[in-house]
Amino acid sequence: MKHKNYRAVIYASDIAILLGKSVKTGYRHISQMRKYFGKGRDMFITVSEFCHYTGISESDVYTHFDAIGEGRRDSEKEE
Numbered sequence: 002m003k004h005k006n007y008r009a010v011i012y013a014s015d016i017a018i019l020l021g022k023s024v025k026t027g028y029r030h031i032s033q034m035r036k037y038f039g040k041g042r043d044m045f046i047t048v049s050e051f052c053h054y055t056g057i058s059e060s061d062v063y064t065h066f067d068a069i070g071e072g073r074r075d076s077e078k079e080e
């Protein structure tokens, strides 16, 4: 499922809400994913990488983005 109007990067706060955990745990998951994907500390984790790593579907992540009012690019937001 393609979601071209949404941001590509997921943050620790998103992970915390999706998993029902603390933001600190979200950062821990990001660190583990960076190791898994061979990324440096300054590199982002994409939504598709997060979904691949956790098994959570992209549509669930984008539903979360819609619920919190984030994710869509400013030029694409519905009024």
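If you use our numbering, the sequence shown corresponds to residues 2 to 80, in order. Backbone N, C-alpha and C fix where the C-beta goes; we use that ideal spot for every residue, glycine too.
Look up TYR12 in the DSSP assignment and say whether it is helix, strand or coil.
-> TYR12: coil per DSSP, three-state reduction.
Straight-line Cα distance separating PHE66 from GLU80 | For GLU80, the predicted model reports a pLDDT of 42, less than 50, meaning its position is unreliable and no value from the coordinates is stated.
Quick one: residues in its chain with C-beta nearer than 7 angstroms to the C-beta of CYS52, no 5 flanking neighbours on either side, listed in chain order?
-> SER58, GLU59 and VAL62, listed in sequence order.
Proximity of THR26 and ILE18 at Cβ, strictly below 9 angstroms | For the pair THR26 and ILE18, the CB atoms are not nearer than the 9 angstroms cut-off.
Apart from the five residues on each side of it in sequence, which residues of its chain come closer than 8 angstroms, Cβ to Cβ, to GLY70?
-> Closer than 8 angstroms at the Cβ level, and outside the excluded window around GLY70, lies no residue.
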